[in-house]
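Q:
In my numbering, the protein residues as written are 195 to 650.
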């Protein structure tokens, strides 16, 4: 075994020990709020197979977020600091507000947000409202263990000292907290986390100039670290310095623009300062953002409904998808491409391949570099027996994503069928062979390969 493998194995063992200790010695409990049964099963298996944690009492799963608060109160009666996995959204309902509500009410617990959306602005907002960590699905078992360990406690020596400094601060042992921070800075000069705790100590003891310098040092050490800017905004509100409060709120708004409450706070501050025009502008931005969030929720809900109708009632799937796209109006963006793809599939299931192409082309105007859209256009043309146009669009898709045919046997087989129908036997042969490499014994690919290799 190489040195790298040995090091990685040692790290994984350490992460596993952290999770095992949490469950077996610290009365830990895991609560999962997710409608993704595959993830829930994976998490259970990871706990059981990788760490031997098989007891039913350590794990609770809920598909309905409305049950969470009641369930959480029952869990907290037995487990003081549960670890929560929660979807960013379920059934089109954004759960960011629930993360904030839970974190404010129960400060001891830890929250890992599950998401397939890794946009920076969205992650910034989730971090602001109380998320301790994030998992982008799908996720490997090893990454799952690592995320749990880092969420439960710092995995480095410096992180552990910072954790101790925070506890000392919470106990109002300010001198000891400062000493711990100084130790961190001696080992890691410029540590943003150390400067942040120092700022908290100085602010608590009303040494506002020292607090400002500490928070500013923390902000300089980590450009995207929101906490020091939040502390500065709070401190200036505390001492009644509205212009400085506004300054830092605006900095935060530029870094994390999805926070509706902050836009309202900015409007309120400008209103208090007598600037009616700026106040109105921020209030309007807050309303626009809230409408956008509602529209995004509608999109997710429509997508789910369309998936339920599927092949059995494609015309009903079309109805809900169209209503969602119409509701978004001019706010359509890349996040809506899945709706266009679903709508195209629903139309093709009705035999309306030309209408499907029209919708795909609307989406291409939004994302001209998306290979999946060109692939779907190609397949729609193939369904209409226009194989030359089908081939042209598949070539475009492959230009944008050369590895596309290597990811899925059905995709490779579809490429083969279109190229065969358009007279390109040599390339059709290659695609059918690729399909069989991915899925040996695939009957339709074998049949296609035989036809492609027959001499004209």
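The beta-carbon is built from N, C-alpha and C at its ideal position, and this holds for glycine as well.
On the criterion of 16 or more Cβ atoms from any shown chain inside 10 Å, does residue 455 qualify as buried, or is it exposed?
A: Here residue 455 is exposed, its C-beta having fewer than 16 other C-beta atoms within 10 Å.
Q: Mark residue 562 as exposed unless 16 or more other C-beta atoms lie within 10 angstroms of its C-beta, in which case mark it buried.
A: When all chains shown are included, residue 562 counts as exposed.
Q: Residues in the same chain with beta-carbon distance under 6 Å from residue 537, minus the five sequence neighbours each way, listed in chain order, please.
A: 515 and 553
Q: In whole angstroms, what is the alpha-carbon distance linking residue 462 and residue 446?
A: 16 Å
Q: Can you list, in chain order, the residues of its chain with a C-beta nearer than 8 Å to that of residue 436? Leave out the 5 residues immediately preceding and following it.
A: 430, 463, 466 and 467.
Q: From what residue to what residue does the beta strand (DSSP E) around residue 308 run?
A: Counting along the chain, the beta strand (DSSP E) containing residue 308 begins and ends at 304-309.
Q: Are at least three pairs of beta-carbons, each pair with one atom in the stretch 202-222 and one in the stretch 303-310, less than 8 Å apart?
A: no
Q: Output yes or no for whether 9 Å exceeds the beta carbon distance between residue 326 and residue 452.
A: no
Q: Considering just the uninterrupted stretch of the beta strand (DSSP E) at residue 584, what are its terminal residues?
A: Looking at the DSSP string, residue 584 is not in any beta strand (DSSP E); the run it does join, the alpha helix (DSSP H), is 581-594.
Q: Whole angstroms are fine: how far does the CA of residue 384 sit from the CA of residue 355?
A: 15 Å
Q: Buried or exposed, going by whether 16 or more other CB atoms sit within 10 Å of the CB of residue 664?
A: Here the chain comprises residues numbered 195 to 650, so residue 664 is not present and cannot be evaluated.
Q: Compute the distance between the beta-carbons of residue 639 and residue 606, then report whether it is under 9 Å.
A: yes
Q: Expressed to the nearest angstrom, what Euclidean distance is found between the alpha-carbon atoms of residue 308 and residue 284?
A: 11 Å
Q: Since I believe residue 522 is in contact with residue 489 (beta carbons under 8 Å), could you give me their beta-carbon distance rounded to a whole number of angstroms?
A: 5 Å
Q: Determine the DSSP secondary structure at residue 300, reduced to helix, strand or coil.
A: When DSSP states are grouped into helix, strand and coil, residue 300 belongs to the coil group.
Q: Tell me the DSSP secondary structure of residue 356 in three-state form.
A: In this structure, residue 356 counts as helix in the three-state DSSP scheme.
Q: Is the separation between the beta-carbon of residue 330 and that of residue 368 shorter than 9 Å?
A: no
Q: Alpha carbon to alpha carbon, what distance is there between residue 237 and residue 570?
A: 34 Å
Q: Please determine, among 578, 403, 350 and 631, the residue with the shortest C-alpha to C-alpha distance to residue 599.
A: 631
Q: Comparing C-alpha positions only, which one of 289, 300 and 294 sits nearest to residue 268?
A: 300
Q: Use the C-beta contact count for residue 564: other C-beta atoms within 10 angstroms, 16 or more gives buried, fewer gives exposed.
A: buried
Q: Pick helix, strand or coil for residue 280, following the three-state DSSP scheme.
A: strand
Q: Residue 433 by DSSP, collapsed to three states: which one?
A: coil
Q: Report yes if the C-beta distance between residue 614 and residue 622 is below 9 Å; otherwise report no.
A: yes
Q: Could you pull the start and end residues of the alpha helix (DSSP H) that residue 345 belongs to?
A: Counting along the chain, the alpha helix (DSSP H) containing residue 345 begins and ends at 335-346.
Q: Going by the beta-carbon positions, is the gap between residue 427 and residue 443 smaller than 9 Å?
A: When the beta-carbon positions are compared, residue 427 and residue 443 come within less than 9 Å of each other.
Q: Quick check: what's the CA-CA separation for residue 393 versus residue 372?
A: Distance between residue 393 and residue 372, taken at the CA atoms: about 10 Å.
Q: In angstroms, rounded to a whole number, what distance separates the CA positions of residue 405 and residue 423?
A: When rounded, the separation of the alpha-carbon atoms in residue 405 and residue 423 is 12 Å.
Q: Figure out for me which residue from 352, 364 and 222 has the closest Cα to the Cα of residue 271.
A: 222
Q: Cα separation between residue 217 and residue 290?
A: So the alpha carbons of these two residues sit roughly 27 Å apart.
Q: Would you list the one or two residues that DSSP bridges to residue 330?
A: 309
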